[in-house]
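Peer 1:
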Amino acid sequence: MTTQVLDDLAARWLAVWPDALAAWGRTSRMHAPVLHTEPCGMPSWAWYTTDDVEVHIDLTVVAERGIEDHALAVLAHEIGHHLLAPVDRLTSLKIAARVKVGLVDMDHLIGLVANLWCDLLINDRLQRRAGVDRASLAAAVGTPDADNVLGLLIGRTYEILWELPRGRLSGAGPASEEHAHLCARLVRAYARDPVGGAAGFARLLRGEIDPEWLRAPESTGSVGALGCGGDQGGAGGVPFGLASDPTLAAPATHPALDARVVGGTGGATPESATEGAVGGGGNGLEPAALHALLTALGSTTSAQQVAAAWYRERAAPHLVPFPVREGPTTSEQLLGGLDPWEVGDDLSTIDWSGTMAASPVVVPGMTTVQRAYLEDEQVKSRPRPVDLDLYLDSSGSMANPSVTAAPIALAGAVLALSALRSGARVQATTWSGSGQAIGTEGFTRDVDAVMAAVVAYIGGGTSFPLELLERTHLGADGKPPTTTGPTHIAVISDDGVSTMFRPEAGWRAGTMRTVGSDIATRALEAAGGGGSLVLRISPEGRHRIASMAGRYRAYAVQTDPDLVTFARDFSRATWGGGDHGRR
Amino acid sequence: MVDADPARVPSGPSLATVRHRLAAAPPDLFEPTVVTAALVADLAVELDGTVLDAASLDRLDADLDPGVGALTVDLATRRVLVGLVCWLVRDPAVRTHPGVQAAAAGQRTRWMLDIVSQVQVELAGLRPDRDWVQLDEARDELARAFLRFARVLPAGEDLATAQDRWLAVSTAYQRDLVREMAVEQARAEELERALAAQKAKEAAAQYANY
């Protein structure tokens, strides 16, 4: 294939681009596709990236597969990924999350199945409504092999959807007629709802196709060659809106039991039929599930980064409102009106323009005026929000926040993010046994560093990091305290908080010494912003802790949701505005 | 077309013709005051001059026009379907089509009555009455059912294609298919749940032994 031939091909395909956009409506807009004339090494001739909102075509593959005359079908299809499914990175991940649920234990197929599902919706819409001949493109690409059960099923589904003769797209291989019919109904039922139908589609494939075939690497390769490359964007990052969606982890409903799919069969809805798209509340993705999903899609985001994004999103509804700053205050003089200039006033203050405007005949003391000046209000000093020194218990009795939804981490995120939003600085420390503490090592306004500390997990013994508390508020080893202003000390824990006040042995500079309960008390006085102990503990236990906690305020919360509610209310009282907590 | 010799099924009018005729169906056909049996009888006379005998007319009356007060939902639906079939048969593009004439084989009234009875059996109760003329997929289903029971193929389709497309739009077929799969799937899910519960029990027992 010469360069000239490919350049000519590129010009021809580029000329079709406006028609491809028009297939999706007169108002469709998208910048021109990237037409590669050098091999890209991708498994398909075309793909779409949600990050760049860009269509890519590998013309070398186009020529190799003999589909040069199908520019409209290919380009309109890729535009469909932008306008119908998946549209953006968030929806792409939502579809993948639902596919993951439907596939149960076939995470390696998530990307492939999600793309097949999106392709079905896009192609059916183009073929049936826009008059774009996707069927000819599919036929030109070739029918699947007789042992490619997934390809046969998809091909047969297209035949049913588009009323094509049997075998035109599915070849001579045996395809499950019943499942293809059901799949076709599913496509029509969820034509405008890619997320809603994804789990049912995956469930259908998972139940119909031999698991051994699905697990074989060569199987997925043979199916992948049938369609476009789909969404190739989003190597990293967790879009906002994924962690707080309460439906993504809902159980998948088989299309045969989905009222939306079978509801049109003349009252034949089985009694157990449910709405496939509705997952109900409380079915959101856990941090570990979200990380597994991203990993399956090729993302290199670490579990901790995913967890940090997860808690940040979950904490968002509970954060204090953004602070409202008072308007700018300057001491500049403001022009006022004109006052009479009287004899004896400074001659230079006469406003001659005003005087001449009042009367062309100047009579000092009678017609003379001077400019009045008003003083602006004094500059107000902005109240300084109280910094936060946060300690989160991460002993063995606590859940790992990177795996499951941990209320203690969520409460910590609410407190820390509220403080940061109000302009305060935060030192976040996750602690467990003696010498086991992970944190920001100082006060910072770096959200990522704070969240990394909040979601850290140790899972060891229980020993409050008194030395860090001492170093922060009292200074140690001849160094001054690391605080720079009033600071609130907050500890979220359970019974283990008692180690904060109990005399205990600790290591310092190679010599063992006993540090006592007075460190916590003295640190509180030095911090100057108060101290709170938020404890997942019984009311009796709270009394016991309160008796040893001195001026720390001990709050007992009974349930995990209460912990988050408390953190929200506490944040609003401390950083939510007004004079509360400001020094 | 049902039980017909595949090699001898003639090609009839196009599906588009029948669908278009359905879309143009007069709203009077949905009125309960229409005497459907009279429609059928008049059509018989129009088709080949057959005057139905008294016994046939009595059967038609009893079946389709039992009188005011006896109009059940099922009967109302069947009456609408019969009215629509009569409307289709009256279409000159249909009844003068060579394929249709070949299928009727000189017995047009008998041919028409067969369609009337079979359409009722196949489609009654599947959709709300007006959907048959207002919804694309319903028009498709009724048009294909009509041609199928008229023993002709839609123009441009072979027997296998017509059969496949009929199954794709047939609510009754889809209903049976879905029922079977739903029962099968519900059973599979029940089994899955039982296995999961059993596994959880075993795991708990194992944990308790430590």
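Protein chains in written order, with my numbering: chain A, 207 to 789; chain B, 4 to 213.
Note that beta-carbon positions come from the ideal geometry of N, C-alpha and C, so glycine has one too.
#1: Under a CB-based cut-off of 9 Å, is D167 of chain B close to chain A?
#2: What three-state label does DSSP hand G357 of chain A in the structure shown?
#3: Shorter than 9 Å from the beta carbon of Q121 of chain B to some beta carbon of chain A?
#4: What residues of chain A sit near V136 of chain B, judged by a beta carbon separation below 8 Å?
#5: Where does V103 of chain B land, buried or exposed, given buried means 16+ other C-beta within 10 angstroms?
#6: Straight-line CA distance for D311 of chain A to P423 of chain A?
#7: Specify the secondary structure class of T693 of chain A as computed by DSSP and reduced to three states.
#8: So which of B:A65, B:A41, B:D66, B:A197 has the shortest CA-CA distance to L55 of chain B?
#9: From the DSSP output, in three-state form, read off Q110 of chain B for me.
#10: By alpha-carbon positions, which one of A:R362, A:D275, A:D353 ends up nearest to S342 of chain A?
#11: To the nearest angstrom, report how far apart V632 of chain A and L596 of chain A are at their CA atoms.
#12: Please report the straight-line C-alpha distance between G645 of chain A and D599 of chain A, rounded to a whole angstrom.
#13: Given that a residue counts as buried once 16 or more other Cβ atoms are within 10 Å of its Cβ, and exposed if not, what is E34 of chain B?
#14: At the 9 Å Cβ level, is D77 of chain B part of the contact set with chain A, yes or no?
#15: So if I threshold CB-CB distances at 7 Å, which residues from the region 444-467 of chain A count as touching chain E?
#16: In angstroms with no decimal places, state the Cα-to-Cα distance between V122 of chain B and V85 of chain B.
#17: Can you tell me which of A:R677, A:R335, A:T780, A:A279 puts its alpha carbon nearest to the alpha carbon of A732 of chain A?
#18: Between A564 of chain A and the rest of its own chain, which residues show a CB-CB distance below 7 Å, the 5 nearest in sequence each way excluded?
#19: Can you check which of these residues, A:T688, A:A404, A:M236, A:D416, is closest to D258 of chain A by C-alpha distance?
#20: Sorted by chain position, which residues of the same chain lie with C-beta nearer than 8 Å to L67 of chain B's C-beta, five sequence neighbours on each side aside?
#21: Name the DSSP bridge partner or partners of L215 of chain A?
#22: I want to see whether chain A comes within less than 9 Å of E205 of chain B, judged by CB atoms only; does it?
#23: Give the interface partners of T164 of chain B over in chain A, defined as CB-CB distance under 9 Å, in chain order.
#24: To the nearest angstrom, how far is the alpha carbon of D724 of chain A from that of A755 of chain A?
#25: Identify the contact partners of L388 of chain A in chain B, using a Cβ-Cβ distance below 9 Å as the criterion.
#26: Which bits of chain B does E418 of chain A rub up against, with CB to CB less than 7 Å?
#27: If you reduce the DSSP assignment to three classes, tell me which class Q166 of chain B lands in.
#28: How long is the line joining the alpha carbons of Y663 of chain A and N606 of chain A, rounded to whole angstroms?
#29: Between L170 of chain B and chain A, is there a C-beta pair that is closer than 9 Å?
#30: How many angstroms separate the CA atom of S608 of chain A from the CA atom of A291 of chain A?
#31: In or out: V660 of chain A buried (at least 16 other Cβ within 10 Å) or exposed?
#32: Is the region 343-357 of chain A close to the region 443-452 of chain A, with three or more CB pairs under 8 Å?
#33: Check whether the Cβ of R590 of chain A lies closer than 9 Å to any Cβ atom in chain B.
#34: Any beta carbon from chain A within less than 9 Å of D161 of chain B's own beta carbon?
#35: Considering just the uninterrupted stretch of the beta strand (DSSP E) at P546 of chain A, what are its terminal residues?
#36: With distances taken Cα to Cα, identify the nearest neighbour of E581 of chain A among A:A405, A:L463, A:L541.
Peer 2: If we stick to the structure as given:
#1: yes
#2: helix
#3: no
#4: Near V136 of chain B there are no residues of chain A at all, since even the closest Cβ is about 17 Å away, more than 8 Å.
#5: buried
#6: 15 Å
#7: strand
#8: B:A41
#9: coil
#10: A:D275
#11: 7 Å
#12: 12 Å
#13: exposed
#14: no
#15: This model lacks chain E altogether; the protein chains it does include are A and B.
#16: 8 Å
#17: A:R677
#18: T573, V575
#19: A:M236
#20: T39, A40, V43, L78, R81, R82, V85
#21: Looking at the DSSP assignment, L215 of chain A forms no beta bridge with any residue, so it has no partner.
#22: no
#23: E369, L370, P371, R372
#24: 10 Å
#25: Q177, L180, V181, M184
#26: Within chain B, no residue comes near E418 of chain A; the closest Cβ sits about 18 Å away, beyond 7 Å.
#27: helix
#28: 6 Å
#29: yes
#30: 30 Å
#31: buried
#32: no
#33: no
#34: yes
#35: 539-546
#36: A:L541
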